[in-house]
Amino acid sequence: MVHPVIGSWDVSLKTPIGTLRATYVFHDTGGALTGTASTAAETVALVAVTCIGSRVTWRQSVTRPMRLHLDFDVVVDGGTLAGHSRAGRLPRTVVTGTRRPPAPVTRTAG
Numbered sequence: 007m008v009h010p011v012i013g014s015w016d017v018s019l020k021t022p023i024g025t026l027r028a029t030y031v032f033h034d035t036g037g038a039l040t041g042t043a044s045t046a047a048e049t050v051a052l053v054a055v056t057c058i059g060s061r062v063t064w065r066q067s068v069t070r071p072m073r074l075h076l077d078f079d080v081v082v083d084g085g086t087l088a089g090h091s092r093a094g095r096l097p098r099t100v101v102t103g104t105r106r107p108p109a110p111v112t113r114t115a116g
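The opening residue of the sequence shown carries number 7 in the working numbering; numbering runs sequentially from there.
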């Protein structure tokens, strides 16, 4: 099964301290979904990535701009994703993203 979230995404999180931007990359590793989230400050692994239909959930921990444990719940619709994240009792953060086009394949003469 090909999961709709596999690939690279430009994601925005609208937080009370401003909009944070990150690059998310999702992979199918031996039938299990894995991924990373990268900002200018850090790259973190995604944990417990689950995809049921078009709904994708995962957890991640960050240390910048502050130490938080985040739970994400988004829906993928073709080249976009939308949903929310939550850090404990803090209010939900709106999450939106657009899929990056695949990198071009380079061929060497042979």
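Ideal placement from N, C-alpha and C gives every residue a C-beta, glycine not left out.
*Would you mind working out which of Ala93, Arg27 and Gly103 sits nearest valine 81, comparing C-alpha positions?*
Gly103
*asked:* Could you tell me the alpha carbon to alpha carbon distance between isoleucine 23 and proline 107, rounded to whole angstroms?
replied: 30 Å
*Tell me where the beta strand (DSSP E) around glycine 89 begins and ends.*
86 to 92
*Should valine 68 and glutamate 48 be called a contact, given that it needs their Cβ atoms to be closer than 8 Å?*
Yes, the Cβ-Cβ distance between valine 68 and glutamate 48 is below 8 Å.
*When the Cα of leucine 39 is compared with those of Arg70, Asp79 and Val11, which residue comes out closest?*
Ranking the options by Cα distance to leucine 39, first place goes to Val11.
*Short check: CB of alanine 54 to CB of arginine 65, under 8 Å?*
yes
*Using DSSP with H/G/I as helix, E/B as strand and the rest coil, what is serine 18?*
strand
*Given a threshold of 16 other Cβ atoms within 10 Å of its Cβ, counted over all protein chains shown, does glycine 41 qualify as buried or as exposed?*
buried
*Pick out whichever of Asp83, Val31, Arg95 and Val101 has its Cα sitting closest to the Cα of valine 50.*
Check the Cα spacing between valine 50 and each of Asp83, Val31, Arg95 and Val101: the tightest is with Val31.
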